[in-house]
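Scroll down for the structure; my scribbles are underneath it.
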Amino acid sequence: VQLQASGGGLVQAGDSLRLSCAASGRYAMGWFRQAPGKEREFVARITWSGRSTYYADSVKGRFTISSDNAKNTVYLQMNRLKPEDTAVYYCAAQESANWGTLKYDYWGQGTLVTVSS
Numbered sequence: 005v006q007l008q009a010s011g012g013g014l015v016q017a018g019d020s021l022r023l024s025c026a027a028s029g030r031y032a033m034g035w036f037r038q039a040p041g042k043e044r045e046f047v048a049r050i051t052w053s054g055r056s057t058y059y060a061d062s063v064k065g066r067f068t069i070s071s072d073n074a075k076n077t078v079y080l081q082m083n084r085l086k087p088e089d090t091a092v093y094y095c096a097a098q099e100s101a102n103w104g105t106l107k108y109d110y111w112g113q114g115t116l117v118t119v120s121s
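Take 5 as the starting number for the sequence shown in the numbering used here and just add one per residue.
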């Protein structure tokens with residue numbers, strides 16, 4: 005399984021950014037992030053059908069996860085970005101055995117998002 009994340013960059017606080025992750029197949033997908041010196045944390049996930057989404061409290065109302073199943077691509081629209089959103093963002097794919105959990109089977113290479121104040 006190959007996951008290719010893209011869309012990171014340097015933005016100012018309050019700006020928006022959209023991350024994309026193209027997968028080599030159709031999976032339930034998630035986004036995680038890891039800030040410098042911190043552990044990786046859950047950001048958002050979307051079910052295989054695309055009908056249900058879940059968010060970390062820290063991004064709820066600002067970030068939106070969506071998927072285009074025809075393209076096997078998941079997106080993370082990030083609005084009203086804050087300096088504390090600065091991190092490497094990873095997309096991940098989940099086999100059906102792990103549906104409903106935060107266990108992911110495959111990981112992308114990460115894309116850096118830097119939010120300046």
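We put the beta carbon where it would ideally sit given N, CA and C, even for glycine.
- Annotation for tryptophan 52: Ala32 place their beta carbon closer than 6 Å to its own, counting only its chain and skipping 5 residues before and after.
- Listed in chain order, the beta strand (DSSP E) elements of length 3 or more contained wholly in the segment 24 to 84 are 32 to 38, 45 to 50, 57 to 59, 67 to 72 and 77 to 82.
- For isoleucine 69 against alanine 48, the beta-carbon gap comes to about 4 Å, under 8 Å, which counts as contact.
- For alanine 9, the three-state secondary structure derived from DSSP is strand.
- Here glycine 18 is near leucine 85, since their CB atoms are less than 8 Å apart.
- DSSP places alanine 17 outside both helix and strand once states are collapsed to three, so it counts as coil.
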